[in-house]
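Trainee: Please find one structure pasted underneath; my questions will follow.
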Ligand code: NAD
């Protein structure tokens, strides 16, 4: 049990990588606060409870300060502490700069960047008081490689990586570690949606993605969840402000 007794808040854990992480963490003994904007977060909690684990669902939009503050208050009322915050919620954005509407720009920046800022802002004072804590921010390998038609999405994930380093420097004196995950293509509803809206032939696009990797298999949500487990556990106690690639070697491809 690598997270026995730890309380973990995972944003956007109603689906995909967040859900896989919630299930894995609960199996490792964590009490999991499942957050999502959608009620599908309830299903994650039901699955955890079926496994004999401990979890609650707190619905909130990570772009709304009042909702995030209420969520963190409720989590603290219930469990008394938050040891790990995984800022995972995110949405896709497709298009080169000239094809990106102002509305899409604002929406993606809001969820992917403000959605990291607000939960962190609410949880960090509590971690500072306890002089311990672990924050994992969801970036992407796209922060480091240019991919076509991902202007606003790339911008947000690059910013999350820079924010991670800045946060690490600010909060290291309080015993808080802040690291970033940089997944490659992981087959989740998010990627299926992106492929459907970006390519005439999504199957062919997937084959192209695999060819860019050093490993010809496609990543799974569980691959990212296991990397998150390492960052959340004390095994990574000496890893601070780091990007952890979970991408089948795509940044080297
Ligand atoms: P997903 O769509 O399966 O899950 C994302 C979840 O976030 C959904 O349940 C959604 O309802 C929730 N969400 C969206 N907006 C929210 C909001 N405002 N407040 C609270 N919850 C909200 O996607 P995924 O593939 O599991 O992606 C999770 C994270 O991983 C995202 O940040 C994504 O950018 C990042 N990522 C994914 C991949 C990939 O290939 N799947 C690669 C790199 C990074």
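Residue numbers (this note's numbering): 162 to 414. Even glycine gets a Cβ: it sits at the ideal position worked out from N, Cα and C.
1) Alpha carbon to alpha carbon, how far is residue 196 from residue 207? Give it in angstroms, no decimals.
2) For residue 256, which beta-bridge partners are listed by DSSP?
3) Enumerate in chain order the residues of its own chain whose CB-to-CB distance from residue 186 is below 6 Å, with the five nearest sequence positions on each side excluded.
4) Out of 337, 370, 241 and 290, state which residue places its alpha-carbon closest to the alpha-carbon of residue 303.
5) When burial is assigned at 16 or more other CB atoms within 10 Å of the CB, is residue 332 buried or exposed?
6) Taking its Cβ as the centre, do 16 or more other Cβ atoms sit within 10 Å of residue 180, making it buried, or is it exposed?
7) Just reading off the beta strand (DSSP E) that residue 165 is part of, what are its end residues?
8) Skipping 5 residues on each side, what residues in its chain have a beta carbon closer than 8 Å to that of residue 387?
9) Less than 6 Å between C-beta atoms, sequence neighbours within five positions excluded: which residues of the same chain meet that for residue 321?
10) How far does the beta strand (DSSP E) with residue 344 in it reach, from first residue to last?
11) Does DSSP classify residue 198 as helix, strand or coil?
12) The beta strand (DSSP E) spanning residue 297 covers which residue range?
13) At a threshold of 7 Å, does residue 404 count as lining the ligand NAD (C-beta to nearest heavy atom)?
14) As a quick exercise: from 271, 244 and 324, pick the residue whose alpha carbon is nearest that of residue 394.
15) Residues bridged to residue 251 by DSSP?
16) For residue 404, report the span of its alpha helix (DSSP H) as first-last.
17) Does the beta-carbon distance from residue 176 to residue 350 come in below 8 Å?
18) Could you check if residue 250 belongs to the surroundings of the ligand COA, using beta carbon to heavy atom distance under 7 Å?
19) The alpha helix (DSSP H) that contains residue 219, what's its start and end?
20) Per DSSP, which residues does residue 192 bridge with? Please list them.
21) Considering only C-alpha positions, which residue in the set 409, 189, 366 and 240 is nearest to residue 213?
22) Mind checking which residues open and close the alpha helix (DSSP H) that includes residue 235?
23) So, at 8 Å on beta carbons, what are the nonlocal neighbours of residue 385 in its own chain, with the 5 sequence-adjacent residues on each side left out?
Mentor: Based on what the coordinates show:
1) 13 Å
2) 311
3) 164, 169 and 193
4) 370
5) buried
6) buried
7) Unbroken run through residue 165: none, as it is neither H nor E.
8) 185
9) 277, 298 and 300
10) 337–344
11) coil
12) 294–299
13) no
14) 244
15) Per DSSP, none; premise fails for residue 251.
16) It is not in any alpha helix (DSSP H) - residue 404 instead sits in the beta strand (DSSP E) that spans 404–407.
17) yes
18) The model on display carries the ligand NAD but not the ligand COA.
19) Premise fails: residue 219 lies in the beta strand (DSSP E), 215–220, not in any alpha helix (DSSP H).
20) 168 and 215
21) 189
22) 226–240
23) 178, 181, 182, 342, 344, 347 and 407
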